Amino acid sequence: MIRLSRMGARKQPHYRIVVIEKARARNGRPVEVVGTYNPRTNPASILMKRERVDYWVSKGAQMSERVNKLYAKAPAAAPAPAA
């Protein structure tokens, strides 16, 4: 399951986008952290490792409804510069 894990102080939330077993608690130990989401910035900042999300989806992981919306909004990663 790919979902949000809440971080930050009280009334100042930001979130990690994590791959986690479905039965674990919301803030339980994740398998992998694949991004961050900060709704308090204007506009909200979304950083996501799209290739890792695609990898986990190919392995059968399901995205939560909110993560699916963030995935659609997240900017595509710029291609790595040729060396």
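Going from the sequence shown to my numbering is simple: count from 1 and add 4.
Note that beta-carbon positions come from the ideal geometry of N, C-alpha and C, so glycine has one too.
Predicted model only: the values in this text are computed from it and were never measured.
Burial state of residue i, where buried means 16 or more other Cβ atoms lie within 10 Å
i	result
Gly64	exposed
Ala27	exposed
Arg7	buried
Ala48	exposed
Ala29	exposed
Own chain, CB closer than 7 Å to residue i, minus 5 neighbours either side, in chain order
i	result
Glu55	none
Ala80	Arg54
Same chain, Cβ closer than 6 Å to residue i, five either side skipped, listed in chain order
i	result
Val22	Ser9, Pro34, Val37
Euclidean distance between Cα positions of residue i and residue j
i	j	result
Tyr75	Met52	8 Å
Ser68	Asn46	23 Å
Residues bridged to residue i [DSSP beta-bridge criterion]
i	result
Tyr41	Tyr19, Ile50
Ser62	Paired residue(s): none; Ser62 is not in a bridge.
Met11	His18
Would you call the stretch 40–53 in contact with the stretch 9–27, where contact means no fewer than 3 C-beta pairs closer than 8 Å?
Result yes; three or more Cβ-Cβ pairs closer than 8 Å.
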